[in-house]
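> Taking full-length UniProt numbering, the leading residue of the sequence shown gets 1, the next gets one more, and so forth. Cβ atoms here follow ideal geometry from the backbone N, Cα and C, with glycine treated the same way. Sharing a structure here in structure tokens format.
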Amino acid sequence: MTSTKQKILDTSLALFNKQGERNVTTNHIAEAMGISPGNLYYHFRNKGVIVAALFERYQQNLLTLLEEPQGPLTWKVKVYYFEGLLASMWQYRFFHRDLSHLLNADATLAAAYRLFVERVVERGTIIYSELRSSGILEMSDDQLEGLLVNTWVLMSSWAPLVHALRPDAADNEVLDESLMRHGIYQIICLEEPFVRGEALDHLEEMKARYRSPDSSPTLLLVQQTAAAAVKTG
Numbered sequence: 001m002t003s004t005k006q007k008i009l010d011t012s013l014a015l016f017n018k019q020g021e022r023n024v025t026t027n028h029i030a031e032a033m034g035i036s037p038g039n040l041y042y043h044f045r046n047k048g049v050i051v052a053a054l055f056e057r058y059q060q061n062l063l064t065l066l067e068e069p070q071g072p073l074t075w076k077v078k079v080y081y082f083e084g085l086l087a088s089m090w091q092y093r094f095f096h097r098d099l100s101h102l103l104n105a106d107a108t109l110a111a112a113y114r115l116f117v118e119r120v121v122e123r124g125t126i127i128y129s130e131l132r133s134s135g136i137l138e139m140s141d142d143q144l145e146g147l148l149v150n151t152w153v154l155m156s157s158w159a160p161l162v163h164a165l166r167p168d169a170a171d172n173e174v175l176d177e178s179l180m181r182h183g184i185y186q187i188i189c190l191e192e193p194f195v196r197g198e199a200l201d202h203l204e205e206m207k208a209r210y211r212s213p214d215s216s217p218t219l220l221l222v223q224q225t226a227a228a229a230v231k232t233g
């Protein structure tokens with residue numbers, strides 16, 4: 001990939017994350033880069049092609065993270081997975097935030113996304129099975145499947161929830177990342193009933209790692225939204 005194409009993708013990603021994909025045009029991208037729209041179209045014929053290229057980067061990033069683990073899993077390896085999930089959610093947060101619109105606008109992207117989710121579920125099943133074999137989680141096959149599906153639903157819907165309830169987060173990267181980290185905290189809460197062994201000994205440490213410092217164990221977003229309503233009422 002040429003350096004110009006790479007810069008177009010990087011600039012587009014930054015703009016999409018901050019402003020939302022629907023609010024960014026190819027002219028905005030070209031202007032931010034200081035190039036002509038014609039130069040941009042030479043590399044990407046429309047914005048949809050840019051979105052598809054960013055999705056390809058995102059899925060490769062996440063699927064690489066979810067490669068089959070080598071050897072027994074420990075709670076520290078579990079932290080690695082959480083940090084990787086967080087990094088992917090944060091780096092490509094526009095995609096999940098604008099997911100419904102993006103998939104409705106591009107049938108090819110929608111088909112690629114469905115295949116991507118199938119691969120995520122396959123690899124997630126392997127990882128959760130290894131966590132169970134390592135004594136970190138204790139659950140039945142049905143519980144494992146349910147936990148995996150609920151984890152993916154939470155992960156993929158957390159960004160739109162954050163930005164629906166906290167639109168101010170888009171202009172505040174510190175707040176935005178803090179709220180995204182809280183999504184990992186919610187995943188830990190999903191797993192908590194099944195945690196055993198060494199991971200149970202470190203459970204509170206794990207929860208503290210991802211819970212926002214100004215939040216209580218209840219949902220951060222609801223608290224802050226309610227507080228804002230009282231303040232403006």
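Would you please state the rounded distance, in angstroms, between the beta carbons of Leu-66 and Arg-123? I believe it to be under 8 Å.
As a position in the sequence shown, residue 66 is number 66, starting the count at 1. As a position in the sequence shown, residue 123 is number 123, starting the count at 1. Leu-66 to Arg-123, Cβ: 4 Å. Contact.
> Just the C-alpha distance for Phe-194 and Leu-13, rounded to the nearest angstrom, thanks.
Walking along the sequence shown from the start, residue 194 turns up at place 194. Walking along the sequence shown from the start, residue 13 turns up at place 13. Near 37 Å, if we compare the C-alpha coordinates of Leu-13 and Phe-194.
> Hey, could you find the ends of the alpha helix (DSSP H) Asn-61 is sitting in?
Working through the sequence shown from its first residue, we reach residue 61 at position 61. Unbroken alpha helix (DSSP H) run through Asn-61: 47 to 65.
> Quick check on the burial criterion: 16 or more other C-beta atoms within 10 angstroms. Buried or exposed for Ile-126?
Taking the first residue of the sequence shown as position 1, residue 126 is located at position 126. Exposed, by the Cβ-count rule.
> Going by Cα to Cα distance, which pick from Leu-86, Glu-198, Leu-103 and Ile-29 is closest to Leu-154?
Position 154 of the sequence shown, counted from the first residue, corresponds to residue 154. Of Leu-86, Glu-198, Leu-103 and Ile-29, the residue nearest in Cα terms is Leu-86.
> Roughly how many whole angstroms lie between the Cα atoms of Arg-211 and Tyr-185?
Working through the sequence shown from its first residue, we reach residue 211 at position 211. Working through the sequence shown from its first residue, we reach residue 185 at position 185. If I take the Cα positions, the gap works out to 6 Å.
> Just checking: is the beta-carbon of Thr-26 within a distance shorter than 8 Å of some beta-carbon in chain D?
Of the protein chains in the structure, only one exists, and it is not chain D.
> According to DSSP, is Phe-137 part of a helix, a strand, or is it coil?
For the purposes of this step, residue 137 is identified with residue 137 of the sequence shown, where counting begins at 1. Rather than Phe, the amino acid found at residue 137 in this sequence is Leu. Strand at Leu-137.
> Between Trp-75 and the rest of its own chain, which residues show a CB-CB distance below 7 Å, the 5 nearest in sequence each way excluded?
Residue mapping note: residue 75 aligns to position 75 of the sequence shown, counting from 1. Cβ within range, chain order: Ile-136, Glu-198, Ala-199 and His-202.
> Just verifying my parser: in three-state terms, what is the DSSP assignment at Val-195?
Within the sequence shown, numbered from 1, the residue matching residue 195 stands at position 195. Three-state result, Val-195: strand.
> Starting from the C-beta of Leu-103, find all residues in its chain whose C-beta is less than 8 Å away, skip the five residues before and the five after it, and write them out in chain order.
Along the sequence shown, read from residue 1 onward, the residue named residue 103 stands at position 103. Correct list, in chain order: Leu-109, Ala-110 and Tyr-113.
> Whose CA, out of Phe-16, Arg-93 and Asn-61, lies closest to the CA of Lys-47?
Here residue 47 is taken as the residue at index 47 of the sequence shown, counted from 1. Out of Phe-16, Arg-93 and Asn-61, Phe-16 has the C-alpha closest to the C-alpha of Lys-47.
> Considering just the uninterrupted stretch of the alpha helix (DSSP H) at Arg-209, what are its terminal residues?
Translated into positions along the sequence shown, residue 209 becomes position 209. First-last of the alpha helix (DSSP H) with Arg-209: 203 to 210.
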